[in-house]
Each structure stands twice: as C-alpha cells, then as structure tokens.
Amino acid sequence: MPDSYVPQKSDKFTFGLWTVGNIGRDPFGEPVRGALSPVQIVHLLAEVGAWGVNFHDNDLVPIDATPAERDRIVRDFKQALDETGLVVPMATTNLFTDPAFRDGAFTANDARVRAYALQKTMRAIDLGVELGAKVYVFWGGREGVETDAAKDPVEALKRYREAINFLTDYVRDQGYDLKFALEPKPNEPRGDIYLATVGSALAFIQTLDHPEMVGVNPEVAHETMAGLNFLHAVAQAWEAGKLFHIDLNDQVIGRYDQDFRFGAQDLKRAFFLVQFLEGVGYAGSRHFDAHAYRTADPDDVKAFARGCMRTYLILKEKAQRFAQDSEIQGLLSQIRAQDAEASALLGGYSRERAQALQAAAFDRQALGGRGQPYEQLDQLVVELLLGVR
Ligand code: GLT
Ligand code: MN
Ligand code: MN
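Below, the structure is given as structure tokens:
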C-alpha cells in the first residue's frame, strides 16, 4: 500500500539523544536495554526518518570526560551528522542528574552550586552552538523543593532570573545566534518545581533583561500532569510570539511522568494540537520528548520513534480533511456567523461606544435560549478520527 506518512526533512521531526537512547531505568527497576552511543543513535534516527537530533551536554560528552575524550566524541558525532544529514536544532544542559544538583542548579541554596551550574551551562552552550543549535532549552527539573521551609520562593525566582540574565548576556557577548526556551513542569523529580506551567514561564520572561531572546518549550506531558489544557498553553505562547520549541509526547492525567509515544493516549487532544501547529504555521522543530515502553526491545524502540512521526502525519492529514469536510465547515460557519449590528457594539473603547452599549437593549432570555450544535460538531470530529468520514 502506498504510504503518504513517510517523514520528510521539511516535517522537522527531531528526537533527543535521551529519547530513543532511553535504557528503561525507572525508580523501581534497573535498565532493560543496552546503552547506545550517540553515533549509533544518530544512525538509528536517520534510519527511521528523523530530521534532527538534540542533546544535553552529558548525553554527548560524559560529565567526567577529559578534554581529549571530548574532542574525539564531538568529532565522531559530527562525522555521523555529516554521513546522515541529520541536524542539531536544539541543545540543553543536564542540570539534574549529578548529585551536585540535588537541591537545584540556578536556585540551589548553595552559591557554589549556582556558580557551577552557570559554568556548566556556558560550556554546554558553547558545545550546542558548535554543533549548530539555534534553540537552547532550560528544563529546571531540580529547581524546586520538597519542603517550602527550605527556600524562599521569591528568592528562588530572583536567583533564576539572575542566572537567565547572565546567560543571555553571555550569548550576546559571544555573538551567538541562539534563543532560549524555558520548559515548565509542575513536579517530578522535585516535589514542586518553580515556574510550574507555561503561563508562569511566560510571565517570568517579561521580567528578564532580554525577554526577546527567551521563549518557552511547552511539553504535552507536563501541562497534562497538572490537569491543564495543553493546546491552550501552546496557543497563549504562540500568540505571545514565544513558542520557540515544543516537546511532543503523551501522558495520562494524574499518573507518573510517562513520556509516552505521541498520540498514544489522547488522540483527540493530539489532533487539535497538530491542527493548531499546522494551521498557524509553526516553523520550529516538532521534537518528540518521549521514550518507548520499558517492555520495548531495540526493534520496538524503532517502532516507537516511527509511531511518533507517523501519528503526527496522520493527524496532519486529518486536519486537512477537517478543513475540507463540508458538514464540519457548514456547522462552523453557522457557529461563527456574526451579527453585524451586534458586532458594531464591540471593539476598542470609545466614549461613543460606551454610550451605545449603555443604551442598547438586550433580550437576555433570547440569548439564553439559543443553543449551539457542539455535540454534532464534536461527534463529526470523533468520526473523522475514527476513520469513517
Ligand atoms: C528530561 C525531561 C524533559 C526535558 C529534557 C530537557 S530532559 O528527560 O523529562 O522533559 O525536556 O532537559
Ligand atoms: Mn517529560
Ligand atoms: Mn521535555
């Protein structure tokens, strides 16, 4: 059967080294899969059809590597990129695995830890830029607390701000073409993490010295863990000009941090997300920050990666069908039809408009008596996704 769901470079599908490289360790169990080298992962991603690969500094260069080891690893990695044509659109810092960061990095109570975190991040930025990254992600997995007795939350935000300001100035000083993307998460691995949601990150960004350099990297699972509507978070980021990157995966509300294959759990929400990203013309990476089930063997890991991209492309096609479906579009034009006389009452403030509004007569009961065919519309969406229209 001919297949139109084969990923193309223009789809901008990326994976982190840590995603298909996940060895299946969890808090209760040891690894179930052997570690792949970065070079092997690049070849695996090329085989399944990805466009790019992202990494944390220590996914690529172990934290204890000597300068000579670093140079060899980076050289081999670059060679694998050249051989496969894969690009590195994004890089980030691991500020969470090493015990040094047990109380956070930029918000740790120990000033020496905060200073080390800045040094580590500057070096990781240099590495990311060397490999071509244009977006630099900050996921503050350890930036939080288990007990609020430990840190003053206002002081923590001040420390966070000072760190991001320092690093935007570093990027400017180096003349790098690099933007930052803050990745919010409500909890896990800390009991509570600062800047827990996309909304809180967006507000924080406006307080920075160079807000134009800083956007967000929303992740499906992270907003979903908090029970929030991911599409709304993405839409707000987009509308603010701050959707610099996106982490696609899936998650059941209220469960542990699952990082499931994109679309594995909630196809309907995934559909509305893809429809949004494609509809507004989001031009950044479609990054899958997910990993295969712990039960997966190496072949199943490839099936996982292919599945993320294939589901995205199928949903993209469904969005085109949605736009072409005459019944759906008919309902939408009925729902969205605007009454010209009423519309004239709306708009920016003027004294005349305020007076016209004050004088207008509204038939409240008629307004309340008017229903909307959202059941019909939603059922059509469900049937579209189920493949019967
Ligand atoms: C980590 C986390 C992700 C972040 C990555 C970037 S690492 O796996 O769960 O959500 O995007 O640091
Ligand atoms: Mn996650
Ligand atoms: Mn993520």
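Position 235 of the sequence shown, counted from 1, bears residue number 259 in the working numbering, the numbering being contiguous throughout. Just so you know, even glycine gets a beta-carbon here, dropped at the ideal spot from N, CA and C.
Beta carbon nearer than 5 Å to a non-hydrogen atom of ligand 2: Working through the chain, the matches are Ala245 and Asp283.
Just to confirm the assignment: which complete beta strand (DSSP E) runs, minimum length 3, are found wholly within the segment 96-122? 114-116
Do Asn273 and Ala245 have their C-beta atoms within less than 9 Å of each other? yes
Tell me the DSSP secondary structure of Arg310 in three-state form. Look at Arg310 here: in three-state DSSP terms it is strand.
Are there 16 or more other CB atoms within 10 angstroms of the CB of Leu370, so buried, or fewer, so exposed? exposed
Which residues, in chain order, sit with a beta-carbon under 5 Å away from any heavy atom of ligand 3? Cβ atoms closer than 5 Å to ligand 3 belong to Glu243, Asp271 and Asp313.
Quick check on DSSP: helix, strand or coil for Ile217? strand
Could you give the uninterrupted runs of the alpha helix (DSSP H) lying entirely in the segment 177-213, keeping only those of 4 residues or more? 177-198
Once DSSP output is grouped into helix, strand and coil, what is the label at His269? coil
Cβ-Cβ separation, Lys326 to Leu41 (assumed contact under 8 Å), whole Å: So it is not a contact: roughly 15 Å between Cβ atoms.
I'd like the span of the alpha helix (DSSP H) that includes Gly354, first residue to last. Ser350 to Arg360
I'd like the span of the beta strand (DSSP E) that includes Thr248, first residue to last. Residue range Val244 to Met249 is occupied by the alpha helix (DSSP H) that includes Thr248, with no beta strand (DSSP E) assigned at that position.
On the criterion of 16 or more Cβ atoms from any shown chain inside 10 Å, does Lys144 qualify as buried, or is it exposed? buried
Using 8 Å as the threshold, is the segment 68-83 in touch with the segment 46-58, meaning 3 or more CB pairs across them? Using a C-beta cut-off of 8 Å, the segment 68-83 makes no contact with the segment 46-58, since fewer than three inter-stretch Cβ pairs fall below that distance.
Among Gln282, Met249, Arg334 and Leu202, nearest to Phe295 - alpha-carbon criterion: Arg334
Hey, could you find the ends of the beta strand (DSSP E) Trp163 is sitting in? Start and end: Val159 to Trp163.
If you draw a straight line from the C-alpha of Asn133 to the C-alpha of Lys175, how long is it? 7 Å
Same chain only: Cβ atoms within 8 Å of Lys158, ignoring 5 sequence neighbours per side: Pro113, Met114, Asp201, Leu202 and Lys203
How would you call Asn241, buried or exposed, if buried means at least 16 neighbouring beta carbons within 10 angstroms? Per the 10 Å Cβ criterion, buried.
Nonlocal neighbours in the same chain, by C-beta distance under 6 Å from Val238, ignoring five residues either side: Phe204, Ile229 and Leu232
Going along the chain, which unbroken runs of the beta strand (DSSP E) with 3 or more residues stay wholly within the segment 286-345? 310-312
Applying the 10 Å Cβ sphere with the 16-neighbour rule, what's the burial state of Pro177? exposed
Alpha-carbon spacing of Gln289 relative to Thr248, whole angstroms: 11 Å
So, do the segment 123-132 and the segment 161-169 have three or more beta carbon pairs nearer to each other than 8 Å? Touching, yes.
Going by DSSP, name the residue or residues bridged to Thr38. Gly76 and His311
Judging by CA-CA distance, which residue of His315, Asp122, Pro62 and Ser61 is the nearest neighbour of Asp88? Asp122
With which residues is Asp274 paired in a DSSP beta bridge? Partner(s): Phe284.
Quick one: measure Cβ to Cβ for Gly165 and Lys209, integer angstroms, because I've assumed they're closer than 8 Å. About 7 Å; that satisfies the 8 Å criterion.
Going straight from the alpha carbon of Ile338 to that of Gln362, what length do you get? 33 Å
So, at 7 Å on beta carbons, what are the nonlocal neighbours of Thr117 in its own chain, with the 5 sequence-adjacent residues on each side left out? The residues His80, Asp81, Lys144, Thr145 and Ala148, in chain order, have a CB closer than 7 Å to that of Thr117 in the same chain once the five nearest residues on each side in sequence are set aside.
Sequence-distant residues of the same chain with beta carbon closer than 8 Å to Glu302, five excluded per side: The answer, listed in chain order, is Lys340 and Ala343.
Measure how close the beta-carbons of Arg318 and Gly109 come, nearest whole angstrom, since I'm counting them as under 8 Å. Incorrect: roughly 31 Å between the Cβ atoms, too far for contact.
Let me check you understand the geometry: is the CB of Asp281 closer than 8 Å to at least one non-hydrogen atom of ligand 1? Result yes, Cβ under 8 Å from ligand 1.
For Gly354, which option in Leu401, Gly393 and Gly305 has the closest C-alpha, if you only look at C-alpha atoms? Leu401
Going by DSSP, what residue range makes up the alpha helix (DSSP H) through Val406? Run containing Val406: Tyr398 to Leu410, per the alpha helix (DSSP H) assignment.
C-alpha gap between Arg330 and Phe300, whole angstroms: So the two alpha carbons sit approximately 22 Å from each other.
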